Amino acid sequence: MSHPHPELQKPPALPQNGLRVIGLGGLGEIGRNMTVFEHNGSLLIVDCGVLFPEEHQPGVDVILPDFSSIRDRLDKVVALVLTHGHEDHIGGVPYLLKERPDIPVVGSRLTLALIEAKLKEHRIRPKLVEVKEGDRSKFGPFDCEFLAVNHSIPDGLAVGIRTGAGLVLHTGDFKMDQFPLDKRITDLRGFARLGEEGVDLFLTDSTNAEVPGFTTSEKDLSPAIDQVFRTAPRRIIVSSFASHVHRIQQVLDAAAEHKRKVAFVGRSMVRNMGIAEQLGYLNVPQGLVVPLDQLERLPANKVALVCTGSQGEPMAALSRMAARDHKIRIGKGDTVLMASSVIPGNENAISGVINGLTRWGANVVHKGNAKVHVSGHASAGELVYCYNLVQPKNVMPVHGEWRHLQANADLAISTGIDPARVVIAEDGVVVDLVKGKVKITGKVPAGNIYVDAQTVGGVTESILKDRRTLAEEGVVTVLAIVDADTGKLADPPDFLVRGFVHQENDFDKAIPVIERTLAHAAKEGIGDTLQLEQLLSRDISRWAHKTFRRSPLIIPIVIDA
Ligand SMILES: [Zn+2]
Ligand SMILES: [Zn+2]
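For the sequence shown, position 250 (counting from the first letter as 1) is numbered 244 according to this note's numbering, and the numbering increases by one without interruption.
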């Protein structure tokens, strides 16, 4: 198996009729999925998602893929294909379209409705191209065929891409639920048909590659959901992803059966369910769903609320209820049903929400104590099934951290695929398909692009490092008035300390360090205040570390006397 090497360089030019594949996101991480295909001078992009920040990335709203390697060729992009409407596949689209608004955005009806609503908030009117399973459409040299896949949002598509370099099959996110609510199963017949034709490169969802066996069917959740609706003494509050139409359909069905009225809570939930109902993906029995204020007038045992916040997101409805920062007051006898997965990294936040809700007296039913969630991704058994069905010539696992990509690669190899034709590539690694064989040929920039409120890319790794230092070590500002001619302190320096434990005169001992640095600088002829500040920062930091065994952020301010 070929492994990318850290010394990978800028790739050589792609040979005529070759196909270049670069994952700008989603390879080596769960989120911000984006794959760029290049063939004979044209580019096709599949998905453009966001990644949600972790605790070591304070103040970051979302993380985007790095567009820098294609920025000067955006005019060569023939289409942006969206496999489905999850944030980790569409969340970055507004930012890409800000750079070139008329890129044709291709997707299924529900996916396009969701992205259109999102783009409206960014005041972008996209050029939309609706496709459905079974369709075949050409975008530049890319002849695309769309196949139905089953996932935790309706209307997902896999995409077959025919080019002069061969046939690629990209599954997007998928699983093989044989009894989905909408009866729209993954098109295994289509997968097999493409396999017969000869799939030269198979890109498959690695998220659950480590999970043995087969992912359980959505319909197997019905008993647990029904149990909640049968036994809850007072209100039921259900939290779920605002895109999980089928899970919410199950909740609506249970509510109808047990004669409870339902209200949707939270902007994205209200918006998405409105879209899903309008387009016929969500079946809402007459009179079942009512506005929240109307629901509040009904007896507690006659109501259910459906809200967001299943991942402990601080601003979402459920987290705010847990923190008593929401007009819905959780009380004794309320039942909270958290009908969703735990995205890695969110464990602490979710646990905090469960604790908060429990403290107010709620009975919280979650993945850990009831069967209220199944994954949206294919497990190892399904992946092996697909490899045997498709029998691809080359394989490139996508969507996952390294361990997931590796597990998926191992599954491919276990079905007899030549290990030399299975590539594990991280973000930015260039994979070329030339004359039917894949090869890693280089690397392009694929860093984290941080969105922080109104700024995109303004927050850098070094700013994040400062934020972490501020949070963990505190800050010491040193105000030094310096005589430029002599390099001597005109007055004793002032120390302003925040978030750092110290005694009254601790910093007096830093004065000789400052004097020495200034004297040394004067001897070298350094009088520029910015340079002096840099030298002082370095030397005071060293002194602080030696003295306190801590590393507060040191901010020297040098003023000319
Ligand atoms: Zn998904
Ligand atoms: Zn995904």
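Don't be surprised by glycine CBs; every beta carbon is placed ideally from N, CA and C. If you're wondering where the values come from, they're calculated on a predicted model, not measured in any experiment.
What does the Cβ neighbour count give for residue i, buried or exposed, with the cut at 16 atoms within 10 Å?
{"i": "residue 1", "result": "exposed"}
{"i": "residue 349", "result": "exposed"}
{"i": "residue 112", "result": "buried"}
{"i": "residue 313", "result": "buried"}
{"i": "residue 439", "result": "exposed"}
{"i": "residue 86", "result": "buried"}
{"i": "residue 173", "result": "exposed"}
{"i": "residue 456", "result": "exposed"}
{"i": "residue 454", "result": "exposed"}
{"i": "residue 128", "result": "exposed"}
{"i": "residue 323", "result": "exposed"}
{"i": "residue 480", "result": "exposed"}
{"i": "residue 18", "result": "buried"}
{"i": "residue 370", "result": "buried"}
{"i": "residue 73", "result": "buried"}
Determine the DSSP secondary structure at residue i, reduced to helix, strand or coil.
{"i": "residue 578", "result": "Residue numbering for the chain in the displayed model covers -5 to 555; residue 578 lies beyond these limits and cannot be assessed."}
{"i": "residue 383", "result": "helix"}
{"i": "residue 218", "result": "helix"}
{"i": "residue 309", "result": "coil"}
{"i": "residue 130", "result": "strand"}
{"i": "residue 506", "result": "helix"}
{"i": "residue 469", "result": "strand"}
{"i": "residue -5", "result": "Caution applies to residue -5, whose pLDDT of 48 falls short of 50 and renders its modelled position unreliable; the value that the coordinates give is listed next. DSSP places residue -5 in coil when its eight states are reduced to three."}
{"i": "residue 80", "result": "coil"}
{"i": "residue 156", "result": "strand"}
{"i": "residue 315", "result": "helix"}
{"i": "residue 252", "result": "coil"}
{"i": "residue 547", "result": "strand"}
{"i": "residue 111", "result": "helix"}
{"i": "residue 353", "result": "helix"}
{"i": "residue 31", "result": "strand"}
{"i": "residue 14", "result": "strand"}
{"i": "residue 180", "result": "coil"}
{"i": "residue 4", "result": "coil"}
{"i": "residue 201", "result": "coil"}
So, are the CB atoms of residue i and residue j less than 7 Å apart?
{"i": "residue 425", "j": "residue 417", "result": "yes"}
{"i": "residue 468", "j": "residue 494", "result": "yes"}
{"i": "residue 256", "j": "residue 283", "result": "yes"}
{"i": "residue 360", "j": "residue 335", "result": "no"}
{"i": "residue 105", "j": "residue 80", "result": "no"}
{"i": "residue 340", "j": "residue 394", "result": "no"}
{"i": "residue 409", "j": "residue 388", "result": "no"}
{"i": "residue 391", "j": "residue 193", "result": "no"}
{"i": "residue 204", "j": "residue 419", "result": "no"}
{"i": "residue 101", "j": "residue 76", "result": "yes"}
{"i": "residue 141", "j": "residue 189", "result": "no"}
{"i": "residue 236", "j": "residue 262", "result": "yes"}
{"i": "residue 639", "j": "residue 373", "result": "This structure cannot settle anything about residue 639, because the visible part of the chain is limited to -5 through 555."}
{"i": "residue 228", "j": "residue 355", "result": "no"}
{"i": "residue 150", "j": "residue 166", "result": "yes"}
{"i": "residue 329", "j": "residue 222", "result": "yes"}
{"i": "residue 435", "j": "residue 59", "result": "no"}
CA-CA distance, residue i and residue j?
{"i": "residue -4", "j": "residue 442", "result": "Because residue -4 carries a pLDDT of 47, less than 50, the predicted location of this residue cannot be relied on, and the following value inherits that uncertainty. Roughly 25 Å between the two C-alpha positions."}
{"i": "residue 271", "j": "residue 259", "result": "16 Å"}
{"i": "residue 300", "j": "residue 232", "result": "5 Å"}
{"i": "residue 265", "j": "residue 200", "result": "30 Å"}
{"i": "residue 116", "j": "residue 43", "result": "16 Å"}
{"i": "residue 555", "j": "residue 89", "result": "48 Å"}
{"i": "residue 521", "j": "residue 47", "result": "41 Å"}
{"i": "residue 503", "j": "residue 318", "result": "47 Å"}
{"i": "residue 288", "j": "residue 40", "result": "43 Å"}
{"i": "residue 432", "j": "residue 413", "result": "11 Å"}
{"i": "residue 547", "j": "residue 475", "result": "20 Å"}
{"i": "residue 83", "j": "residue 464", "result": "33 Å"}
{"i": "residue 251", "j": "residue 220", "result": "9 Å"}
{"i": "residue 26", "j": "residue 120", "result": "20 Å"}
{"i": "residue 57", "j": "residue 51", "result": "10 Å"}
{"i": "residue 353", "j": "residue 512", "result": "57 Å"}
{"i": "residue 501", "j": "residue 515", "result": "21 Å"}
{"i": "residue 196", "j": "residue 411", "result": "11 Å"}
{"i": "residue 427", "j": "residue 23", "result": "23 Å"}
{"i": "residue 182", "j": "residue 21", "result": "25 Å"}
{"i": "residue 578", "j": "residue 144", "result": "Residue 578 lies beyond the stretch modelled for the chain, which goes from -5 to 555, so this question has no answer here."}
Within 7 Å of any Cβ in chain C, is that where the Cβ of residue i sits?
{"i": "residue 144", "result": "The structure shown contains no chain C; it holds only a single protein chain."}
Anything with a beta carbon under 6 Å from a heavy atom of ligand 2 counts; list them all in chain order. Here the residues come out as 27, 80, 82, 83, 167 and 393.
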